[in-house]
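Student: Below you'll find the structure I mean.
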Amino acid sequence: MGKITKPDGVGNTQNLKCGDVMKIYLKVSKKQGKEVISEIKFETMGCGHAIASTDMICELALGKTLEQAKKIKFSDVALKLGQMPPQKLHCSSLAQYALQQAIFDYEKKHLKPKATPKKN
Amino acid sequence: MQEKQATIYLDNASTTSLDSKVLEAMLPYFKEQFGNASSIHALGQTARVAVEKAREQVALFLNCKESEVYFTPSATFSDNLAILGVVRVAQKKGIKPHIITNVIEHPAVLEPIKHLEKTGQIEATFLPVYQEGIVKVEDVERAIKSNTCLVSIMQANNEIGTIQPIDEIAQVIGNFRGPKKYPLFHTDAVQAANYLDLNVEKLGVDLLTLSGHKIYGPKGIGVLYVKQSTLLEPIVFGGHQEAGLIPGTENVANIVGLGKAIELVKSSKLKVQSLRKLRDKLIDGILKEIPQTFLNGSREQRLANNANISFKGVEGEALLILLDQAGIAVSTGSACSSGSLEASHVLMALDCGKERAHSAVRFSLSKNTIEKEIDYVLNVLPKMVEHLRKISGFKV
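Okay, structure coming up:
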């Protein structure tokens with residue numbers, strides 16, 4: 001939880017309907033030629049599920065390569081958190097989107113032409 | 121975050137605990153006195169006497185005739201019967217009826233009106249409530265038309281506790297009505313019953329809704345006061361119960377419970393002043409101790425037990441969960457967990473923005489709330505808000 005002062009990538013998403021706002025900050029370092037998430041923090045204004053979802057996705061992403069982190073799905077987050085009521089699944093999908101945005105932000109800044117964000 | 125203690129229940133606008141005197145009054149009607157109030161034999165007659173005694177208790181409270189008191193399965197049923205029942209009779213006049221209500225009514229009033237409007241059966245006007253959460257009498261006056269058959273304005277709001285000028289609205293309606301039958305005036309007094317005068321003559325209403333479980337009575341029982349039953353048609357059909365207006369075997373135990381609960385309201389009203397003091401301590405304590413907090417709805421025209429407060433930079437539901445972990449039960453302005461993600465229609469109507477609506481928490485006190493409980497809340501709340509603001513990155 002919190003902010004990284006000089007992040008390599010930032011993801012900022014919000015759900016206009018329920019008012020939740022999520023920010024994910026990344027630090028990326030090279031390990032054996034691969035880009036690995038070495039530090040990750042978040043700020044969330046939202047309900048308990050939204051906070052827990054961002055917390056969990058950060059935990060899941062820490063230490064992963066960017067390619068691995070991109071594959072983390074909202075369902076992985078929900079599974080880890082245990083019994084999520086169906087109407088709260090959108091909190092986890094918002095967290096997934098925030099993480100992906102943070103990765104795309106990093107890739108954009110570090111000039112990787114192949115990495116244009118997918119429109120969903 | 122905090123150590124758990126006995127629940128501090130500050131969600132009395134959702135439901136109240138059953139008064140033990142009420143429970144005591146109800147108990148015989150579950151087992152020994154199980155008779156059907158419509159049966160002619162002795163067991164049935166005992167049940168009938170109990171039902172009629174409760175009717176008398178309600179009539180005394182509302183200052184009306186016993187024949188004007190109808191027991192219903194819930195306040196939602198009462199509201200629906202008032203609206204749909206009046207429209208059914210009014211439609212027979214051959215003109216499209218018009219209904220006036222306001223944007224912060226309970227869904228039990230808003231939804232039947234919206235349904236009738238959507239299916240083309242009526243015209244409807246939804247009056248604004250402005251920043252204070254109060255209907256303007258002149259808006260009602262301006263909205264009344266020759267085909268207006270019903271005005272439905274709640275006596276006090278369930279989320280922000282604001283009190284509507286019912287007697288003044290009644291006067292305006294009365295002036296327009298003259299010797300004619302319409303418009304009728306309905307008020308949902310479910311939240312008001314513990315705190316305000318519900319003398320129907322003074323209020324000047326034709327229809328009034330009450331609920332059992334908001335006044336330390338049982339759930340699953342309501343009342344509809346009906347001044348003139350010929351202007352109402354049933355909305356469900358069956359037996360002759362409640363003069364055929366609400367068919368179905370009387371829920372004797374619940375009716376007895378509601379009667380007892382309403383009788384007890386009188387004594388709890390004596391404590392309203394001290395309740396208001398406690399409530400004010402809570403409001404002032406929060407507004408003073410926690411920066412960037414705002415009271416939603418009028419401070420003065422407000423039920424003595426209600427405090428609805430927005431905490432900027434925090435979502436109400438997150439705060440609710442932290443409070444719950446500390447043994448404090450409250451509710452939020454956001455309907456997030458009920459399936460719809462939209463902010464509360466009541467808070468949105470106050471025109472203070474979506475963020476403030478999402479960050480609201482409702483504290484509703486009871487006759488059993490004590491100062492120690494309020495002190496505890498004031499003690500733990502600032503740290504919780506600070507914690508959540510750290511998570512959200514909100515800087516005061």
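These protein sequence lines map, in sequence, to chains B and W. In terms of my numbering, the first sequence opens at residue 1 and continues consecutively. In terms of my numbering, the second sequence opens at residue 121 and continues consecutively. Just so it is clear, CB atoms sit at the ideal spot from N, CA and C, and this is done for glycine as well. Predicted model only: the values in this text are computed from it and were never measured.
Indicate whether at least one CB of chain B lies closer than 8 Å to the CB of residue 465/W.
Tutor: No, residue 465/W lies away from the interface with chain B (no Cβ there is under 8 Å from its Cβ).
Student: Going along chain W, which residues have a C-beta under 8 Å from residue 43/B?
Tutor: 511, 512 and 513
Student: Restricting to runs no shorter than 3 residues, where is the beta strand (DSSP E) found entirely within the region 387-429 of chain W?
Tutor: Counting only runs of 3 or more, we get 413-415.
Student: Using DSSP bridges, identify the partner residues of residue 43/B.
Tutor: 23/B
Student: Let me see if you follow: with CB-CB separation under 8 Å, is residue 1/B close to chain W or not?
Tutor: Closer than 8 Å: yes.
Student: Flag this pair as yes or no: are the beta carbons of residue 188/W and residue 345/W separated by less than 8 Å?
Tutor: yes
Student: Please classify residue 471/W as buried or exposed, where buried requires at least 16 neighbouring CB atoms within 10 angstroms.
Tutor: With fewer than 16 other Cβ atoms inside 10 Å of its own Cβ, residue 471/W counts as exposed.
Student: Cβ of residue 164/W less than 8 Å from any chain B Cβ?
Tutor: no
Student: Report, in whole angstroms, the separation of the C-beta atoms of residue 429/W and residue 481/W, which I expect to be a contact under 8 Å.
Tutor: 6 Å
Student: Does residue 506/W come within less than 8 Å of chain B when only Cβ atoms are used?
Tutor: no
Student: Residue 47/B versus chain W: which residues are under 7 Å apart at the beta carbon?
Tutor: 435, 437, 438 and 456
Student: Determine the chain W residues that contact residue 40/B at a beta-carbon separation under 8 Å, and present them in chain order.
Tutor: Within chain W, no C-beta atom comes nearer than 8 Å to that of residue 40/B; the closest sits roughly 15 Å away.
Student: Taking DSSP's pairing of strands, which residues face residue 308/W in a bridge?
Tutor: Beta-bridge partners assigned by DSSP to residue 308/W: 329/W.
Student: Measuring straight from C-alpha to C-alpha, what distance separates residue 362/W and residue 373/W?
Tutor: 16 Å
Student: Look up residue 131/W in the DSSP assignment and say whether it is helix, strand or coil.
Tutor: strand
Student: For the beta strand (DSSP E) containing residue 91/B, list its first residue and its last residue.
Tutor: Not the beta strand (DSSP E): residue 91/B falls in the alpha helix (DSSP H), residues 89-109.
Student: Span of the beta strand (DSSP E) holding residue 269/W?
Tutor: 268-272
Student: Where does residue 497/W fall in DSSP's three states?
Tutor: Residue 497/W: helix per DSSP, three-state reduction.
Student: Does residue 360/W get closer than 8 Å to chain B when you measure Cβ to Cβ?
Tutor: no
Student: Are the CB atoms of residue 9/B and residue 98/B within a distance shorter than 8 Å?
Tutor: No. Outside cutoff.
Student: When DSSP labels each residue in this structure, what does residue 121/W get in the three-state scheme?
Tutor: Because residue 121/W sits at a pLDDT of 48, beneath the cut-off of 50, its placement in the model cannot be relied upon, and the following sentence gives the value as read from the coordinates. Three-state DSSP puts residue 121/W in coil, outside helix and strand.
Student: Quick one: residues in its chain with C-beta nearer than 7 Å to the C-beta of residue 397/W, no 5 flanking neighbours on either side, listed in chain order?
Tutor: none
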